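Protein chains in written order, with my numbering: chain A, 2 to 172; chain W, 2 to 172; chain C, 2 to 396; chain B, 2 to 396.
Note that beta-carbon positions come from the ideal geometry of N, C-alpha and C, so glycine has one too.
All values derive from a computational prediction rather than experimental measurement.
Below is one structure; the comments refer to it alone.
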Amino acid sequence: GPAPSAVPAALAAELAPPRLGRPVPAEALARGDRHVFPDGRGLPAGRGSVAQGAVLYQAQCAACHGVDGRGLTAEELVGGVGSLASAEPEKTVGSYWPHASTLFDFIRRAMPLHAPGSLKADEVYALSAWLLHANGILPAEAVLDAASLAAVRMPNRAGFVAVDDPRRPPP
Amino acid sequence: GPAPSAVPAALAAELAPPRLGRPVPAEALARGDRHVFPDGRGLPAGRGSVAQGAVLYQAQCAACHGVDGRGLTAEELVGGVGSLASAEPEKTVGSYWPHASTLFDFIRRAMPLHAPGSLKADEVYALSAWLLHANGILPAEAVLDAASLAAVRMPNRAGFVAVDDPRRPPP
Amino acid sequence: LASAPAALAQGPGEAGEDLPPWMRSPGAGFSVYGQPGPQAQRVLRRPGANRAAPGNGVAWTPLEQLEGFLTPSGLHFERHHNGVPAIDPAVHTLRIDGAVRRPLDWRLADLLRYPQRSHLGFIECGGNSNAGWNEEPIQRPVGSFHGLISTSEWTGVPLRLLLDEAGVDAQATPWVIAEGADAFAMQASLPLAKLRADGLLALWQNGEPIRPEQGYPMRLILPGWEGVTQVKWLRRLTLSAEPLMARNETSKYTELQPDGRARQFTWAIGVKSLLTTPSHGQRLDARGTYQLSGLAWSGAGRIRKVEVSADGGRRWAEAALDGPVLPRCTTRFRAAWRWDGQPAVLQSRATDETGAVQPSRAALLAARGRNGYFHYHAIVSWGVDEEGAVRHVYV
Amino acid sequence: LASAPAALAQGPGEAGEDLPPWMRSPGAGFSVYGQPGPQAQRVLRRPGANRAAPGNGVAWTPLEQLEGFLTPSGLHFERHHNGVPAIDPAVHTLRIDGAVRRPLDWRLADLLRYPQRSHLGFIECGGNSNAGWNEEPIQRPVGSFHGLISTSEWTGVPLRLLLDEAGVDAQATPWVIAEGADAFAMQASLPLAKLRADGLLALWQNGEPIRPEQGYPMRLILPGWEGVTQVKWLRRLTLSAEPLMARNETSKYTELQPDGRARQFTWAIGVKSLLTTPSHGQRLDARGTYQLSGLAWSGAGRIRKVEVSADGGRRWAEAALDGPVLPRCTTRFRAAWRWDGQPAVLQSRATDETGAVQPSRAALLAARGRNGYFHYHAIVSWGVDEEGAVRHVYV
Ligand code: HEC
Ligand code: HEC
Ligand SMILES: [Ca+2]
Ligand SMILES: [Ca+2]
Ligand SMILES: [Ca+2]
Ligand SMILES: [Ca+2]
Ligand SMILES: [Ca+2]
Ligand SMILES: [Ca+2]
Ligand SMILES: [Co+2]
Ligand SMILES: [Co+2]
């Protein structure tokens, strides 16, 4: 090959890549964000009750998940607590999900499947409340908002082993 | 890996391939063959004259190759003898092709382009005769058959260097 | 040797009278985008969608109808949760935000100006082969229960470049939350280290722009990792100290163990192989030699060795690897077998360059129980009966 | 580092109000055979057919619109002399005859029972790039004059097995005459030694049955050799002591030299490369760093090295090869260049593993004259003017 000195500095196998990313205005940043973390970060203002959720669930969800949440064309959302170590485990929101935050995050972004992103924050709180109640985790008179949802402790909270978690050295 | 002795003889990375080719009956062999070699092997019975070829050419070929064979939507077939070493070579049947056998072989299998395989042996002899005449290689009264076509010596007979010919060791 | 064809063998009839019709009149003209011919149209993906939600489900790659190690883009498996979005590439952006120095947006046109790299490799759904956990061996063609794996050349921008431009702190924020621009707004919490090591923001699939169902206009590629992490229609990467605990990394794509606890964040595909020829549903006509052909792959690197057995795993012979043997890519293996007309059980077993060996089904079940659902990669067995019928069996 | 997204940042409106429409309603369902999306539809082959004969001509692969080293089958270049035949695979056979011990016929179903092998490699038309012989540099996108090259995985039966079954005598009959089942009844006289060494009877292209325009149901593959030898729709191989001197090995695919004599039987593709980005017709917007990307290949083996120049070949820098680097296959190379706003001439130069170096245009013309027509493989030059316009130039 040519002697290194013959290689012009403006031409090489690699040069510093361009920097073409456009800064995102702070306002746009907050607006686009819908991630909800287990500690409640990301939860919006608003509130909703188990009773409100029951009505919404029948109107918007029951057609696919069944009137009692036990599943239909879409999967079951209710039941199965205590079944995980059995031969016939039932994995549901109540039996399996480690965090209530996931319920808010997921319903807001993805449900109902035919109209994702259509629910208001109050409605998502209400639906989350009803599903947690149907799973025996919240009482019938519960109302959820950012603080109370973050405080819910799910039955299977400790049920997961993070195998390749980058925060821990591999075993 | 496992010791070689553990490998059953009926299972291996390779075994003798199957032999599923079906013998071709001799009759079918001769029937299917249309290759015509420079020494005349493969030429069928039949004959055709320059005069017959002139008529056929105008009817079947001139629309694409031009009435005089000097090219139209398809390429020129006539002319250019002596031009090959010039700055503007014209490669035609007459100037470039080393063997008359190729003319018979090719016209029979591939021309006219919209109806390949439609010409009878006599017609292919006649068309070959006319094209050789138009290129100054045969006289106007010539008639071609298997023997006379094999005897034609093309002007550029010695014009090719077989670079990677497997019959010769590479240079 | 027979003599060369005799001269004058042919009569004065038409030269073409014995030719098939397609040699006697001109064929079809040129096309701007080629398609399989009508004779090959039966080689198709096999969709299986939720009847209440047509974009929710999978389409299987018909593995037993394919050869070689690549998958034509039109047959790449599909897995969508809420359909294939029709994204306008002039509007779509990739954003890197969260715990970064400079949150940034890139348009497709910007990304084309960056250095590109290719990865020729497989994508396998973490749920592929999950019928293997069933009590009874599922009676389906291999593509219809192992066909959530496909192999393509993915080309795009090394993610390291974009992450570094935004300014990341690998110690403080080891997680990146990826988000898709589909109607499911797919999420995945992923280790920054993997994205920086060999992650690509793929823009091209097998040379052309990525197909819509594979993530057009851009997709996260994480060589060797399960498909759900390789977020399609990628719109956002959010740097974070903690994982999101999204629905698809808690409720799904986690593996329930016999003790009731679940394995989470298991991303690399285990070493795996299967025979595609012969395979379930095929039939051996008669005693004699049969060519065995199959695929092997590992998320950890190259395939080192594939062995085959015809007696359910008692004795093994080494198969030939039909190169190139590339890391985190499918490798075609081949062997030959003489069938004596007796019942037999055909298997393959792959070993990768880390020394990992594909487990037997019994070993996988002993380690993981019966309800793990994901990451099934045990040895696959095809039983041959005395009539030559090939069926999926357990041994 | 910026802090993570604040809690309670969002008001009580719909969560999705800022989302693009494709995130707010379900996407398209599954399909049995995927296609490029509407946004990518401009990436198409470019047909150029004889106006009196629609199946006579070529369709170019749009090289400058592609990345990576593979070609999607739908964009594989086409070269047909009389169209694409619609062959019935149940009727079609391959025959081996002429000077053999046992003339034999095989049906497609029989051939599937033989051992298969893959070759991942390019096919290039011997007439590719022939505008390079023109007096003036042709002003066309690179795909429209160098795009008769495409790369696929070809899988099929090693020809050695079939030839040996028929019984050949390599000393007495060193030639094989191949014949296609198209309306042109394409012929090629080829050395038996090449067919036995690495010739394939390909049945599969990129995993699926060969596309009609690439030779369905079977095609001769001769790794590294010009396309005309790789006879499509193969129906017959005739063993012979002498070559046929067919029209396409005399009148065409021979290279006229300045002395009036022509080179014949030149089959291997020479070492070659070209830049696809940037390339003719593109424009540099502004001074700054540009990524250079191109393809290199050789019929003799692997690419060993590719160098790039920005000053018309005075100084060269070594490019990076984006693996895998496979024999007789295209290799993607990459480099970077800082444009200072001045006129420049971009080039690439490939060296293969035999040590062969791609010639300059002047050297190729000095060796071959101006009327060779085939096997043009000289260095390609792109001139950049002060406005950043990129044009094909000669230097
Ligand atoms: C048109 C059918 C349909 C409707 C209506 C629907 N869902 Fe769903 N839902 C699904 C499907 C299908 C899935 C599984 C998606 C996948 O493939 O991951 C699902 C998944 C879920 C899950 C996750 C279940 C788990 O175990 O992981 C939750 C929670 C959920 N839906 C809640 C709701 C709520 C709340 C509503 C009403 C606001 C709703 N769904 C309406 C079809 C529907
Ligand atoms: C419909 C148009 C058409 C018709 C009619 C036609 N040809 Fe052709 N011919 C072509 C084309 C196009 C080619 C070049 C084919 C290729 O791509 O290789 C050709 C090539 C040839 C060649 C080879 C030329 C060379 O220099 O290699 C010969 C000889 C020829 N034709 C003879 C004939 C004869 C004889 C007839 C009439 C029986 C005929 N053609 C009718 C279109 C036609
Ligand atoms: Ca179960
Ligand atoms: Ca469940
Ligand atoms: Ca000229
Ligand atoms: Ca000519
Ligand atoms: Ca996928
Ligand atoms: Ca071709
Ligand atoms: Co996993
Ligand atoms: Co050549």
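For PHE146/B, the enclosing alpha helix (DSSP H) covers residues 144 to 147. Chain-order list of chain C residues neighbouring PHE38/A: GLU243, LEU245, by C-beta distance under 7 Å.
For PHE123/C, the beta-bridge partners assigned by DSSP are THR152/C. The Cβ of MET24/C sits closer than 8 Å to at least one Cβ of chain B. Our two residues, GLY133/C and ALA116/A, have alpha carbons roughly 35 Å apart in a direct line. As DSSP reads the structure, THR332/B sits in a beta bridge with ALA297/B. Excluding residues up to 5 positions away in sequence, ILE88, PRO90, PRO210, ILE211, TRP234 lie with their Cβ nearer than 8 Å to the Cβ of TYR217/C in the same chain. The CB of ALA54/C comes closer than 8 Å to the CB of PRO27 in chain B, given here in chain order.
Close partners of TYR97/W in chain B (Cβ separation under 9 Å): THR251, SER252, THR255, LEU257, ALA263. DSSP places SER190/B inside the beta strand (DSSP E), whose first and last residues are 188 to 192. For GLN348/B, the beta-bridge partners assigned by DSSP are SER310/B, SER382/B. At least one heavy atom of ligand 10 lies closer than 7 Å to the C-beta of GLU227/B. With respect to PRO259/C, GLY370/C sits close: the two C-beta atoms are nearer than 8 Å. About 4 Å separates the CB atoms of TRP23/B and PRO86/C; that is less than 8 Å, so the two are in contact. By the rule that beta-carbons nearer than 8 Å mark a contact, HIS134/A does not touch chain B. Exposure of GLN140/B is indicated by the presence of fewer than 16 other C-beta atoms within 10 angstroms of its C-beta. Residues of chain B with a Cβ closer than 9 Å to the Cβ of LEU114/W are, in chain order, ASN51, ALA53, ALA54, GLY56, ASN57, HIS82, ASN83, ALA184, PHE185. Annotation for SER145/B: ARG47, TRP61 place their beta carbon closer than 7 Å to its own, counting only its chain and skipping 5 residues before and after.
Note on ASN135/B: under 16 other CB atoms within 10 angstroms of its CB, so exposed under the neighbour-count rule. Distance from GLU125/C to GLY228/C at the Cβ level is roughly 6 Å; contact confirmed, criterion being Cβ atoms closer than 8 Å. Taking the beta carbon of GLU166/B as reference, the chain W residues within 7 Å of it are ARG20, GLY22, listed in sequence order. DSSP places LEU322/C outside any alpha helix (DSSP H); the residue lies instead in the beta strand (DSSP E), whose first and last residues are 321 to 323. When the five nearest sequence neighbours on each side are left out, the beta carbons in the same chain lying within less than 6 Å of the beta carbon of ARG96/C are those of ASP106, ARG237, in order along the chain. With the rule of 3 Cβ pairs closer than 8 Å, the stretch 237 to 252 of chain B does not count as touching the stretch 335 to 354 of chain B. Relative to ligand 1, the beta carbon of MET155/A is positioned no closer than 7 Å to any heavy atom. Contact of ARG333/C with chain A is not assigned, every C-beta pair being separated by 8 Å or more. At least 8 Å separates the CB of GLY83/W from every CB of chain C. Residue contact check for TYR115/B against chain W: a CB pair falls below 8 Å. Distance from the C-beta of GLY300/C to the nearest heavy atom of ligand 9 is not below 7 Å. For TRP268/C, the closest Cβ of chain A is nearer than 8 Å. Taken in chain order, the whole alpha helix (DSSP H) runs of length 4 or more contained in the stretch 37 to 114 of chain A are 51 to 61, 63 to 66, 102 to 111. In this structure, PRO37/B lies away from GLY38/C, with their beta-carbon atoms at least 8 Å apart.
Three or more pairs of CB atoms, one per stretch, sit closer than 8 Å, so the stretch 88 to 96 of chain W contacts the stretch 129 to 140 of chain W. In this structure, HIS100/W has its CB at a distance of at least 7 Å from all heavy atoms of ligand 10. Judged by the Cβ position, THR267/C qualifies as a neighbour of ligand 9 at the 7 Å threshold, a heavy atom of the ligand being closer than this.
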